[in-house]
Amino acid sequence: MVPTETDTAACCLCDTDSRVPPLTLGEGKQVSTIRNYRSAIAAIHQGFPDGSTLSNNPYIAQLIKGMANRRPQIRRLAPSWGLSAVLHALAGPPYEPMANASLAALTKKTLFLVAVASARRRSCLHALSTKQNHIRFEGHGVRMVPDPSFIAKNQTLTFLPGDIFIPEIKTMSSVAEDKRWCPVRALKWYLNKTEKLRQSTSLFIIPRPPYAAASKDTLSRWLVEIIRPFTSGTSRPRAHDVRGVAASTALFAGIPVEDILKAAAWKTPTTFVACYLTDTLHAEAAFGSAVMRGPVGNRSHPSGLPPSGSATRC
Numbered sequence: 314m315v316p317t318e319t320d321t322a323a324c325c326l327c328d329t330d331s332r333v334p335p336l337t338l339g340e341g342k343q344v345s346t347i348r349n350y351r352s353a354i355a356a357i358h359q360g361f362p363d364g365s366t367l368s369n370n371p372y373i374a375q376l377i378k379g380m381a382n383r384r385p386q387i388r389r390l391a392p393s394w395g396l397s398a399v400l401h402a403l404a405g406p407p408y409e410p411m412a413n414a415s416l417a418a419l420t421k422k423t424l425f426l427v428a429v430a431s432a433r434r435r436s437c438l439h440a441l442s443t444k445q446n447h448i449r450f451e452g453h454g455v456r457m458v459p460d461p462s463f464i465a466k467n468q469t470l471t472f473l474p475g476d477i478f479i480p481e482i483k484t485m486s487s488v489a490e491d492k493r494w495c496p497v498r499a500l501k502w503y504l505n506k507t508e509k510l511r512q513s514t515s516l517f518i519i520p521r522p523p524y525a526a527a528s529k530d531t532l533s534r535w536l537v538e539i540i541r542p543f544t545s546g547t548s549r550p551r552a553h554d555v556r557g558v559a560a561s562t563a564l565f566a567g568i569p570v571e572d573i574l575k576a577a578a579w580k581t582p583t584t585f586v587a588c589y590l591t592d593t594l595h596a597e598a599a600f601g602s603a604v605m606r607g608p609v610g611n612r613s614h615p616s617g618l619p620p621s622g623s624a625t626r627c
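Next comes the structure, spelled out in structure tokens:
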């Protein structure tokens with residue numbers, strides 16, 4: 314018997330649908346994952362006899378819509394951990410005093426402070442290098458240049474992420490204790506302690522022999538180990554949250570969005586114009602200053618953030 318067009322379409326739909334059941338069997342698949350499956354199959358699927366494809370077939374569209382209704386996407390509007398709590402923990406043992414801190418503790422603290430003050434992706438942090446002129450200490454901060462072989466996730470011919478500039482805490486506060494949160498100070502200690510141990514030009518290395526370069530996954534694990542004790546609820550901490558929290562903190566502190574986009578190397582249609590409309594050094598310093606101003610500027614605020622509009626650009 315020759316199959317009808319309806320039978321053929323049904324078979325194709327069932328065959329496609331056979332890749333979907335994990336969502337209904339409780340294996341935790343999200344709707345976005347199912348959509349990715351559909352896109353992958355569509356690349357080799359010839360379409361249905363009625364002229365529809367996997368992308369526009371009404372039955373499959375209804376199936377995906379039903380899944381989305383059954384398991385809606387949960388968007389976290391706030392981080393599950395507080396930046397202020399983490400920073401205050403980094404101001405005590407086993408991270409301080411730095412002269413007594415282990416290399417492992419010093420490595421994690423330096424990584425976190427650089428990550429939160431720059432809001433760069435882990436791939437960029439992994440690409441930071443100790444090669445000549447790649448780390449330059451200036452009068453008011455430090456400028457870091459990733460390895461030339463590094464290609465940013467959002468890099469194009471028209472968009473090239475800039476250098477990382479992080480200001481010193483002393484440019485914002487004269488309180489001696491506040492230096493414990495200074496990324497520049499931590500970086501100096503870290504470079505001095507690892508100078509004779511290094512077997513790699515990568516900035517962050519494994520704190521034990523043979524002191525090889527730390528991988529991207531290792532950097533993520535270290536960041537998670539820092540924030541996990543301060544995570545509330547059932548949310549799983551992610552290393553990428555540091556980037557989001559840093560940017561949000563700067564935004565709430567009154568830093569213009571354009572400056573945040575530049576400091577964090579986010580690409581938008583207006584980024585190119587914004588970079589030319591701002592005072593480069595002023596803008597770069599403003600981002601890192603706003604993030605680190607949390608524990609310095611307002612100790613009584615539970616979130617560690619200054620009141621809205623109270624931040625000043627250093």
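Counted the way our numbering counts, the sequence shown spans residues 314 to 627.
From the three backbone atoms N, C-alpha and C, an ideal C-beta is built for every residue, glycine too.
### Task
Return the CA-CA distance between L367 and A552, expressed in angstroms with no decimal places.
Taking the first residue of the sequence shown as position 1, residue 367 is located at position 54. Taking the first residue of the sequence shown as position 1, residue 552 is located at position 239. Looking at the two C-alpha atoms, the distance is approximately 35 Å.
#### Entry: Local conformation of E451 per DSSP, three classes
For the purposes of this step, residue 451 is taken as residue 138 along the sequence shown, with counting starting at 1. Note: E451 maps to strand in three-state DSSP.
### Query
Since A526 sits in a beta bridge, which residues does DSSP pair it with?
For the purposes of this step, residue 526 is identified with residue 213 of the sequence shown, where counting begins at 1. A526 pairs with I518.
### Task
Using the Cα positions of S431 and A489, report the straight-line distance between them to the nearest angstrom.
Here residue 431 refers to the residue found at position 118 of the sequence shown. Here residue 489 refers to the residue found at position 176 of the sequence shown. So the alpha carbons of these two residues sit roughly 23 Å apart.
### Query
Taking R435 as the reference, which of G546, S548, E538, R534 has the closest Cα?
By 1-based counting over the sequence shown, the position of residue 435 is 122. When only C-alpha atoms are compared, the closest one is R534.
### Task
Taking A440 and F463 to be in contact with their CB atoms under 8 Å, please state how far apart those CB atoms are, rounded to whole angstroms.
Here residue 440 is taken as the residue at index 127 of the sequence shown, counted from 1. Here residue 463 is taken as the residue at index 150 of the sequence shown, counted from 1. Contact flag correct, Cβ pair sits at about 4 Å.
### Query
Rounded to whole angstroms, how far is the Cβ of L504 from the Cβ of L424, which I believe are closer than 8 Å?
Translated into positions along the sequence shown, residue 504 becomes position 191. Translated into positions along the sequence shown, residue 424 becomes position 111. Between L424 and L504 the Cβ distance is about 13 Å, and since that is not below 8 Å, they are no contact.
### Query
To the nearest whole angstrom, what separates the beta carbons of P550 and V537, a pair I think is in contact under 8 Å?
Your numbering for residue 550 matches position 237 in the sequence shown. Your numbering for residue 537 matches position 224 in the sequence shown. The pair is a contact, with the Cβ atoms about 5 Å apart (cut-off 8 Å).
### Task
Could you check the C-alpha separation between C437 and P459 for me, to the nearest Å?
The residue labelled residue 437 in the question sits at position 124 within the sequence shown. The residue labelled residue 459 in the question sits at position 146 within the sequence shown. Near 7 Å, if we compare the C-alpha coordinates of P459 and C437.
### Query
Exposed or buried, N413, counting other C-beta atoms within 10 Å across all chains shown (16 or more means buried)?
As a working mapping, residue 413 is identified with position 100 in the sequence shown. The residue in question, N413, is exposed, as its Cβ has fewer than 16 Cβ neighbours within 10 Å.
### Query
Going straight from the alpha carbon of S397 to that of T484, what length do you get?
Numbered from its first residue, the sequence shown carries residue 397 at position 84. Numbered from its first residue, the sequence shown carries residue 484 at position 171. If you take the alpha carbons of S397 and T484, they lie about 20 Å apart.
### Query
CB L400 to CB W502, shorter than 7 Å?
Position 87 of the sequence shown, counted from the start, is the residue given in the question as residue 400. Position 189 of the sequence shown, counted from the start, is the residue given in the question as residue 502. Cβ atoms of L400 and W502: not closer than 7 Å.
### Rounded separation between G557 and I540 - CA only
As a first step, residue 557 must be located in the sequence shown, where it is residue number 244. As a first step, residue 540 must be located in the sequence shown, where it is residue number 227. Using only the alpha carbons, I get a separation of about 13 Å.
### Candidates V344, K529, P496, of which the one nearest K422 by Cα
Looking up residue 422 in the sequence shown gives position 109. Among V344, K529, P496, the Cα nearest to that of K422 belongs to P496.
### Query
What is the DSSP secondary structure of R534, reduced to helix, strand or coil?
Counting from 1 along the sequence shown, the entry for residue 534 is found at position 221. Helix, per DSSP.
### Message
Quick check on D554: buried or exposed, where buried means 16 or more other Cβ atoms within 10 Å of its Cβ?
### Response
Residue numbering aside, residue 554 sits at position 241 when the sequence shown is read from its first letter. Classification of D554: buried, given that the 10 Å Cβ count is 16 or more.
### Query
Should T420 and P542 be called a contact, given that it needs their Cβ atoms to be closer than 7 Å?
By 1-based counting over the sequence shown, the position of residue 420 is 107. By 1-based counting over the sequence shown, the position of residue 542 is 229. No, the Cβ-Cβ distance between T420 and P542 is not below 7 Å.
### Query
Which residue comes first and which comes last in the alpha helix (DSSP H) that contains I373?
Counting from 1 along the sequence shown, the entry for residue 373 is found at position 60. That run of the alpha helix (DSSP H) goes 371–383.
#### Entry: Residue range of the alpha helix (DSSP H) that includes I347
On the sequence shown, residue 347 is found 34 positions in, with the first residue counted as 1. Here the alpha helix (DSSP H) through I347 covers 344–355.
### Task
Report yes if the CB atom of A527 is closer than 7 Å to the CB atom of F517, and no otherwise.
Within the sequence shown, the letter at position 214 stands for residue 527. Within the sequence shown, the letter at position 204 stands for residue 517. Yes. Within cutoff.
### Message
Counting C-beta neighbours from all protein chains within 10 Å, is the total for T346 16 or more, i.e. buried, or is it exposed?
### Response
For the purposes of this step, residue 346 is identified with residue 33 of the sequence shown, where counting begins at 1. Looking at its Cβ environment, which holds fewer than 16 other Cβ atoms inside 10 Å, T346 is exposed.
### Task
Work out the CA separation of A465 and R348 for me, nearest whole Å.
Along the sequence shown, one-based indexing puts residue 348 at 35. Along the sequence shown, one-based indexing puts residue 465 at 152. Rounded to whole angstroms, R348 to A465 spans 26 Å at the Cα level.
### beta strand (DSSP E) segment containing P496, residue limits
Against the sequence shown, residue 496 aligns to sequence position 183. Taken as a continuous stretch (DSSP letters only), P496 belongs to no beta strand (DSSP E), being part of the alpha helix (DSSP H) at 496–507.
### Query
Distance, Cα to Cα, G360 vs R383?
Sequence index remark: in the sequence shown, residue 360 carries index 47 (1-based). Sequence index remark: in the sequence shown, residue 383 carries index 70 (1-based). If I take the Cα positions, the gap works out to 27 Å.
### Distance, H447 Cα to P461 Cα
Position 148 of the sequence shown, counted from the first residue, corresponds to residue 461. Position 134 of the sequence shown, counted from the first residue, corresponds to residue 447. Looking at the two C-alpha atoms, the distance is approximately 10 Å.
### Cβ-Cβ separation, S415 to S515 (assumed contact under 8 Å), whole Å
As a position in the sequence shown, residue 515 is number 202, starting the count at 1. As a position in the sequence shown, residue 415 is number 102, starting the count at 1. No, S515 and S415 are not in contact; Cβ-Cβ is about 20 Å, not under 8 Å.
### Message
Could you give the first and the last residue of the continuous alpha helix (DSSP H) run that contains F425?
### Response
As a first step, residue 425 is located in the sequence shown; it is residue number 112 there, counting from the start. Where F425 is concerned, the enclosing alpha helix (DSSP H) stretches over 416–431.
### Task
May I have the straight-line CA-CA distance separating D457 from I377, to the nearest angstrom?
By one-based count along the sequence shown, residue 457 stands at place 144. By one-based count along the sequence shown, residue 377 stands at place 64. What sits at residue 457 in the sequence shown is Met, not Asp. The straight-line gap from Cα to Cα measures roughly 46 Å.
### Message
My assumption, with CB atoms under 8 Å, is that G452 sits in contact with I479. Please give the rounded CB distance.
### Response
Taking the first residue of the sequence shown as 1, we reach residue 452 at position 139. Taking the first residue of the sequence shown as 1, we reach residue 479 at position 166. No, G452 and I479 are not in contact; Cβ-Cβ is about 13 Å, not under 8 Å.
### DSSP-derived helix/strand/coil call for R435
On the sequence shown, residue 435 is found 122 positions in, with the first residue counted as 1. Note: R435 maps to helix in three-state DSSP.
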